[in-house]
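Novice:
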Amino acid sequence: MTKLLLTFGTRPEAIKMAPLVKEFQKCSDRFETRICVTAQHRQMLDQVLDFFEITPDYDLNLMRPGQNLFQLTADIITGLKSVLEDFKPDYIFVHGDTSTSMASALASFYAGVKVCHIEAGLRTYNKQAPFPEEMNRQITGRLTDVHFAPTQAAKDNLLSEKVSGQIEVTGNTVIDALLFAVNKLKNYSNKEIETLKNTLDFSKRIILVTGHRRENFGDGFIHICEAILEIAADPEVEIVYPVHLNPHVQDPVNRLLKGKSNIQLINPLAYPTFVWLMNQACIILTDSGGIQEEAPSLGKPVLVMRETTERPEAVRAGTVKLVGTDKERIVSETKRLLNDKDYYSTMQKIHNPYGDGLAVQRIVEIMKNN
Ligand code: UD1
Ligand code: UDP
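End of the sequence shown sits at 389 in the working numbering; the numbers just go up one at a time, nothing left out.
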């Protein structure tokens, strides 16, 4: 029996790890699987655990309001120590580029536990963007024994860095989660969806907005909000913005956008509700990593409000466009999509370079052979 510890802490890690948790749990004759949540996020993590019906074996309950990276990283390393000593796993699985991923990988390295990294090899090679995620991902890559790269380009990054360990290309588990949610939505509703059906004006074109990147705090967010205000001057659009709970996001967004008639600021949504809402939208404005990966499967053009991305595949495929945080650029690109049908339909094409929904099956097969 191989002992596996799957560790995650934030909303996107939970979404992308959930299908893997389920798949490993199906193979209980081969793997003893335990789940550790650092709870770097709390409410936004619990929304995902509820939807996927995952009960953690260990909950470090670390989130503090307005937490800083120093304390968070130290608490994760210390918290993981007790879990690793209690369970003594053969392998730990970490995901992506958060503080939870990097600090859990480091703690596991200290404890002599092999590290498996899901969504390995994404890079901008810019230390400051995304901050601190680029370095979290690079450090995790150095500590990893089995790298699960979502794409060949991600594998090529790892090869060029001469990382140690095994590298496998599997597709991104985000697509497995998305297809699960899309399928479930065929016979599913919830209170949030019903409320949105009653509050959104579907005679208008829905623009969905999200944002949370640290490098956009301050001026970046102010420019994004100014752009949203200008886009909302068009009475034919309805902007809906589930606002991330980080106080550095809540403060400027509420200060600058609250109370405008066609801008709906709402709480973070449960994952199935968010997928439902992506489907209702005509354009998505975001700085999110996960949403850049999901939207091409739904045929939704995405304008990415960042200067650089570690996910160039969809940009190359033409379904995602980088627009930075410059107000004029965000406004003009949005207007172009609203007004130019041919341009909209070239960006809308359904082609997802990130996966086919079979990533977790590949990962489990690889682990069976390890
Ligand atoms: C974190 C990750 C980022 C990831 C993002 C996904 C790091 C350094 N950052 O950023 O890589 O893209 O999650 O959303 O790992 N908060 C709540 N409730 C929640 C979640 C957050 O109140 O459920 C508030 C708290 O005040 C918390 C703050 O948000 O202190 C910041 O959370 P944190 O995880 O440190 O940073 P994020 O910006 O969420
Ligand atoms: N998401 C969600 N509810 C929301 C906003 C986003 O469930 O209100 C999902 C979204 O579908 C995607 C993930 O959260 O799977 C993205 O998380 P986030 O943007 O916070 O982090 P990132 O992907 O940038 O690390």
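Each residue gets a CB set at the ideal place from its N, CA and C atoms; glycine is no exception.
Note that the structure is a prediction, hence the values are computed from the model and not measured.
1) For the beta strand (DSSP E) that contains His231, what are its first and last residues?
2) Please list the segments of the alpha helix (DSSP H) lying wholly inside the stretch 294 to 363, counting only runs of 4 or more residues, in order along the chain.
3) Starting from the Cα of Ser183, find the closest Cα among Leu162, Ala168, Phe293, Gln171 and give me that residue.
4) Is it the case that the CB of Ser307 approaches a heavy atom of the ligand UDP more closely than 7 angstroms?
5) Once you ignore the five residues that flank His242 on each side, which residues in its own chain have a CB closer than 6 angstroms to its CB?
6) Between Arg30 and the ligand UDP, is the CB less than 7 angstroms from at least one heavy atom?
7) With a threshold of 16 other CB atoms inside 10 Å of the CB of Lys453, please say whether the residue is buried or exposed.
8) Any heavy atom of the ligand UDP inside 7 angstroms of the beta-carbon of Phe293?
9) Kindly confirm or deny that the stretch 262 to 273 and the stretch 282 to 299 touch, where touching means at least three C-beta pairs closer than 8 angstroms.
10) Taking C-beta to C-beta, are Val67 and Ile34 nearer than 8 angstroms?
11) With respect to 7 angstroms, is the separation between the Cβ of Met63 and the closest non-hydrogen atom of the ligand UD1 below this value?
12) Excluding sequence positions up to five away, which residues of its chain have a Cβ less than 7 angstroms from the Cβ of Ala16?
13) Less than 8 angstroms between the C-beta atoms of Cys135 and Val102, yes or no?
14) For Asp78, which of helix, strand or coil comes out of DSSP?
15) Just checking His263 against the ligand UDP - is the residue's beta carbon closer than 7 angstroms to any of the ligand's heavy atoms?
16) At a cut-off of 7 angstroms, is Thr353 close to the ligand UDP when judged by its beta-carbon and the heavy atoms of the ligand?
17) Run through the DSSP bridge pairs and tell me what Glu51 is partnered with.
18) Just checking Leu91 against the ligand UD1 - is the residue's beta carbon closer than 7 angstroms to any of the ligand's heavy atoms?
19) Looking only at its chain, what residues have a beta carbon closer than 8 angstroms to the beta carbon of Leu88, apart from the 5 residues adjacent to it on each side?
20) Take Phe112 as the anchor and find which of Gly160, Leu276, Asn273 has the nearest alpha-carbon.
21) Just verifying my parser: in three-state terms, what is the DSSP assignment at Phe89?
22) Between Ala58 and Leu24, how many whole angstroms is the CB-CB distance? I'm expecting something under 8 angstroms.
23) Mind pulling the beta strand (DSSP E) runs of 3 or more residues that sit fully within the stretch 78 to 150?
24) If you measure from the CB of Glu313, is any heavy atom of the ligand UDP nearer than 7 angstroms?
25) What do you reckon, are the CB atoms on Ser307 and Thr229 nearer than 8 angstroms?
26) Is it right to say Pro84 is buried, meaning 16 or more other beta carbons lie within 10 angstroms of its own, or is it exposed?
27) Would you identify the three-state DSSP class for Arg224, choosing helix, strand or coil?
28) If Leu197 sits next to Ile137, beta carbons under 8 angstroms apart, how far is it from one beta carbon to the other, in whole angstroms?
Specialist: Looking at the coordinates:
1) Counted from its first residue, the sequence shown places residue 231 at position 212. Run containing His231: none; DSSP gives neither H nor E here.
2) With a minimum length of 4 residues, the continuous alpha helix (DSSP H) runs that stay inside the stretch 294 to 363 are 308 to 317, 331 to 336, 346 to 358.
3) For the purposes of this step, residue 183 is taken as the residue at position 164 of the sequence shown. Of the candidates Leu162, Ala168, Phe293, Gln171, the one whose C-alpha sits nearest the C-alpha of Ser183 is Leu162.
4) For the purposes of this step, residue 307 is taken as residue 288 along the sequence shown, with counting starting at 1. Within the cutoff, so yes.
5) Here residue 242 is taken as the residue at index 223 of the sequence shown, counted from 1. Cβ neighbours of His242 beyond the five flanking positions: Thr344, Lys346.
6) For this step, residue 30 is matched to residue 11 along the sequence shown. Taking 7 angstroms as the cut-off, the C-beta of Arg30 counts as close to a heavy atom of the ligand UDP.
7) The question about residue 453 has no answer, for the chain in this structure spans 20 to 389.
8) On the sequence shown, residue 293 is found 274 positions in, with the first residue counted as 1. Flag set: Cβ of Phe293 near the ligand UDP.
9) yes
10) For this step, residue 67 is matched to residue 48 along the sequence shown. For this step, residue 34 is matched to residue 15 along the sequence shown. Yes, the Cβ-Cβ distance between Val67 and Ile34 is below 8 angstroms.
11) By 1-based counting over the sequence shown, the position of residue 63 is 44. Answer for Met63: yes, Cβ within range of the ligand UD1.
12) Since the first and last residues shown for the chain are 20 and 389, residue 16 lies out of range.
13) Position 116 of the sequence shown, counted from the start, is the residue given in the question as residue 135. Position 83 of the sequence shown, counted from the start, is the residue given in the question as residue 102. Their beta carbons are not under 8 angstroms apart, which means Cys135 does not touch Val102 by this criterion.
14) Numbered from its first residue, the sequence shown carries residue 78 at position 59. Looking at Asp78 - three-state DSSP - the assignment turns out to be strand.
15) Along the sequence shown, read from residue 1 onward, the residue named residue 263 stands at position 244. Yes, Cβ of His263 sits closer than 7 angstroms to a heavy atom of the ligand UDP.
16) One-based indexing of the sequence shown puts residue 353 at position 334. Outside the cutoff, so no.
17) Counted from its first residue, the sequence shown places residue 51 at position 32. Answer is Lys22.
18) The count along the sequence shown starts at 1 and reaches residue 91 at position 72. Yes, Cβ of Leu91 sits closer than 7 angstroms to a heavy atom of the ligand UD1.
19) Locating residue 88 in the sequence shown gives position 69, where the first residue counts as 1. Excluding positions up to five away in sequence, the list reads Ser118, Pro151.
20) Your numbering for residue 112 matches position 93 in the sequence shown. When each option's Cα is compared against that of Phe112, the closest is Gly160.
21) Here residue 89 corresponds to residue number 70 of the sequence shown, with the count starting at 1. If DSSP states are grouped into helix, strand and coil, Phe89 belongs with the helices.
22) Residue numbering aside, residue 58 sits at position 39 when the sequence shown is read from its first letter. Residue numbering aside, residue 24 sits at position 5 when the sequence shown is read from its first letter. At roughly 15 angstroms, the Cβ-Cβ gap does not stay under 8 angstroms, so Ala58 and Leu24 are not in contact.
23) 110 to 114, 133 to 137
24) Within the sequence shown, the letter at position 294 stands for residue 313. Checking the Cβ of Glu313 against the ligand UDP gives yes.
25) On the sequence shown, position 288 is the one that residue 307 refers to. On the sequence shown, position 210 is the one that residue 229 refers to. Yes, the Cβ-Cβ distance between Ser307 and Thr229 is below 8 angstroms.
26) To locate residue 84, count along the sequence shown from 1; it is residue 65. Exposed.
27) If you number the sequence shown from 1, residue 224 lands on position 205. Of the three classes helix, strand and coil, the one that applies to Arg224 here is strand, per DSSP.
28) By one-based count along the sequence shown, residue 197 stands at place 178. By one-based count along the sequence shown, residue 137 stands at place 118. Leu197 to Ile137, Cβ: 15 angstroms. No contact.
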